[in-house]
Amino acid sequence: MPDLPTPQDATESALFSEGWDAVLSYADLCTSGSLTAHQLATEAFTLGMREVRAAARTHVRGAGRRTARLPTIPALLTAVRDTAAAWEAGGQGHKLDPDLRLWLNSDKAVRFSGPPLERPVALRGLRDMQEADASLLWLAEVEALPLPAVARRLGLDQTTVADELDQVRTLFRDRCHRAHLDTPMDALCRSYARLLDAVTRSPSADTPDDLSRHLATCMRCAEAAACLRLHGGGLPAALAGGVIGWGGLAYLERRRRAAEVRLGAGHPGADPTGGDPEEGTGRSRILRGSLLAAAVLLSALALGVSMMPFGGSGDDTAVARDDTAAARDDRQPVADPGVSRSTTPATATPAPATTPSAPRTTAGSHRTQPDPEPQGASSATHRPAPSPRTTAPATTCRVAYNLVDQWPDGFQATVTVTTGRSLDGWSVSWAFRDGQQVGQMWDATARQSGSRVTATAADYNRTVAAHGTLSFGFLGTWHDRNRPPYGFTLNGAACAGG
1046 MPDLPTPQDA TESALFSEGW DAVLSYADLC TSGSLTAHQL ATEAFTLGMR
1096 EVRAAARTHV RGAGRRTARL PTIPALLTAV RDTAAAWEAG GQGHKLDPDL
1146 RLWLNSDKAV RFSGPPLERP VALRGLRDMQ EADASLLWLA EVEALPLPAV
1196 ARRLGLDQTT VADELDQVRT LFRDRCHRAH LDTPMDALCR SYARLLDAVT
1246 RSPSADTPDD LSRHLATCMR CAEAAACLRL HGGGLPAALA GGVIGWGGLA
1296 YLERRRRAAE VRLGAGHPGA DPTGGDPEEG TGRSRILRGS LLAAAVLLSA
1346 LALGVSMMPF GGSGDDTAVA RDDTAAARDD RQPVADPGVS RSTTPATATP
1396 APATTPSAPR TTAGSHRTQP DPEPQGASSA THRPAPSPRT TAPATTCRVA
1446 YNLVDQWPDG FQATVTVTTG RSLDGWSVSW AFRDGQQVGQ MWDATARQSG
1496 SRVTATAADY NRTVAAHGTL SFGFLGTWHD RNRPPYGFTL NGAACAGG
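What follows is the structure in structure tokens.
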């Protein structure tokens, strides 16, 4: 396993800590355990930083317009995917997540390494932007950092960074529109290209019925629509899915949770507007001690929290954490005391000693000890009569339904299911309340009968580890109302949430 590169200056040290946090988070999604996650992250980080430095030197020495390239963090994440592909091709695929292996051998993976004009619109649009603009967009939309933190990271004026972000979003939209027009497409898709551009410019624009039907059946045009439609909150998913590929939505959710933890979201001492993001929290002394040490510790904390099951609180969350620790402890990428997080060489050694307890302390202990509610729930389990009723709702699955975007007569949604048991094949069912109809679906096969919809696993994602997640997305049509569905089941068993 190669040694990690050494930061060349203080600026690169900060970049290393930020980039390693992202790389390790994605590497953990791609692998079957914490040891292999660290190995994949180390190889990918070394490869990625070598390419980033080479591109920077080329840009300084060259003349004219720079070579199209991604900003640092998405470039490092791409290196993780490329390193995983090299593992699969070199006989080390058994170290990877089974779903990723199937994806790497599918046509979906070919899009990211095939002819440039066939690659996802979001990837091409981001590469075509100036690096400073692309970094601002990625940090704010995908890494979920608050704008004051982004401004400090990029050396921008905090009073104008919001306006700059709006301008960058518009610039990204224009780049994606141009990329979509350059994409080889059939006559039907090309006939809708200008109309698609027009109706996605305004949130009040009506989408004609024929265009809605086309978007429900054409994945390429639906991807372009997600990039062109800046309103509705679908831009982060379009960026993550289009640039990272496999696991993009899962990575997006992890980064959102990690940002909340690192920046003290919801804590009384957190400062959402300025200063050190950690100022006022119990970890401020650690942060002031060493930037590099903080990077490792915060990586551990953020990853631990981000890997908790979706939803749930109180007893349900505690049970889920205990089950995870017992049946899946090697999936915790920062809890293995035998692993040295040597990304920041001088201070990485203490991290393994502190990380095993960090996720539980932050995510659970500080809520359960002072709060009387968990004690009440705990004492209820000692009563003979209610005891069966308390343990019975421990469902084997939990569902998160997310309405990514919505427009007149159409919408885009994702479904993420956390399963308590390992699966070799799955089907997820639910019922719509308002007569919605599912059109195009990805990462699953859809079947609808009346209001009831069933999504069946694809060949490459049918296997799910215990306490793992499965996810898929779809486009649909609606009229009058578009309330969330209900009655979710996994292989016939009812799921919590929804």
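Here the sequence shown stands for residues 1046 to 1543, where the numbers follow my numbering.
A virtual CB, placed ideally from N, CA and C, is assigned to each residue, including glycine.
Since the model is a prediction, treat every value here as computed from it, not as a measurement.
Proximity below 7 Å, CB of Ser-1180 to CB of Pro-1116: yes
Close-in-space but distant-in-sequence residues of the same chain around Pro-1575 (CB under 6 Å, 5 per side omitted): What the structure shows of the chain is the stretch from 1046 to 1543, and residue 1575 is not part of that stretch, so it cannot be assessed.
Touch test, the segment 1160-1171 against the segment 1195-1202, Cβ-Cβ under 8 Å, three pairs minimum: no
Status (buried if at least 16 other CB within 10 Å, exposed otherwise) for Tyr-1531: In this structure Tyr-1531 is exposed. Its beta-carbon is surrounded by fewer than 16 other beta-carbon atoms within 10 angstroms.
Cβ distance (whole Å) where Gln-1493 is taken to contact Thr-1522 below 8 Å: Their Cβ separation, rounded to whole angstroms, is 11 Å, which puts Gln-1493 and Thr-1522 out of contact at 8 Å.
Pairwise C-alpha distance: Arg-1507 and Thr-1461: 14 Å
Ordered list of alpha helix (DSSP H) runs contained in the segment 1217-1281, each at least 4 residues: 1232-1244, 1254-1260 and 1264-1273
Spatial distance of Leu-1141 from Thr-1076 (CA atoms): 4 Å
Anticipated Cβ contact below 8 Å, Met-1264 with Gln-1485, distance rounded: 6 Å
The segment 1209-1216 / the segment 1231-1249 touching (three or more Cβ pairs under 8 Å): no
First and last residue of the uninterrupted beta strand (DSSP E) at Arg-1197: Taken as a continuous stretch (DSSP letters only), Arg-1197 belongs to no beta strand (DSSP E), being part of the alpha helix (DSSP H) at 1192-1199.
Check whether Glu-1186 and Leu-1284 have beta carbons under 7 Å apart: yes
Rounded separation between Thr-1205 and Asp-1242 - CA only: 28 Å
Residue of Ala-1491, Ala-1476 and Asp-1504 minimising C-alpha distance to Arg-1528: Ala-1476
Cα-Cα separation between Pro-1165 and Asp-1144, rounded to whole angstroms: Cα to Cα, Pro-1165 sits roughly 20 Å from Asp-1144.
Beta-carbon spacing of Tyr-1071, Leu-1149 below 7 Å: no
Cβ pair Ser-1472, Thr-1514 closer than 7 Å: Cβ atoms of Ser-1472 and Thr-1514: not closer than 7 Å.
Simplified DSSP state of Thr-1508, which is helix, strand or coil: strand
Any C-beta of chain C under 7 Å from that of Leu-1260: The structure shown contains no chain C; it holds only a single protein chain.
Proximal residues to Gly-1470 (C-beta, below 7 Å), its chain only, five neighbours per side dropped: Ala-1502 and Arg-1507
Integer Cβ distance of Ala-1089 from Val-1125, believed to fall under 8 Å: Contact flag correct, Cβ pair sits at about 4 Å.
Length at least 4, wholly inside the segment 1117-1194: the alpha helix (DSSP H) runs in chain order: 1117-1134, 1143-1149, 1152-1158, 1166-1172 and 1176-1186
C-alpha gap between Gly-1064 and Ile-1118, whole angstroms: 6 Å
Proximity below 7 Å, CB of Thr-1463 to CB of Ala-1538: no
Nearest-angstrom Cα separation, counted from Ala-1269 out to Glu-1163: 12 Å
Cα-Cα separation between Asn-1536 and Phe-1517, rounded to whole angstroms: 15 Å
Minimum C-alpha distance to Gly-1286 - residue among Glu-1176, Arg-1443 and Phe-1157: Phe-1157
Closest Cα partner of Val-1449 within the set Leu-1069, Gly-1495 and Ala-1271: Ala-1271
Other residues of its chain near Gly-1279: CB distance less than 7 Å, five sequence neighbours each side excluded: Ala-1271, Val-1449, Asp-1450 and Gln-1457
Pair within 7 Å by beta-carbon distance, Arg-1466 and Ala-1511: yes
Inter-residue Cα distance where the pair is Gly-1488 and Tyr-1505: Correcting the residue identity first, residue 1488 is Asp in this sequence and not Gly. Looking at the two C-alpha atoms, the distance is approximately 8 Å.
Asp-1208 versus Gly-1277 - alpha carbon distance: Near 18 Å, if we compare the C-alpha coordinates of Gly-1277 and Asp-1208.
Supposed close pair Ala-1304, Ala-1232 - CB separation, criterion 8 Å: Not quite, the Cβ-Cβ distance comes to about 44 Å (not below 8 Å), so this is no contact.
Trp-1452 - containing beta strand (DSSP E), residue span: 1442-1452
Cut-off 7 Å between Cβ atoms - residues of its own chain near Asn-1561, not counting five sequence neighbours on either side: Because the chain spans 1046 through 1543 in this model, residue 1561 falls outside it and cannot be assessed.
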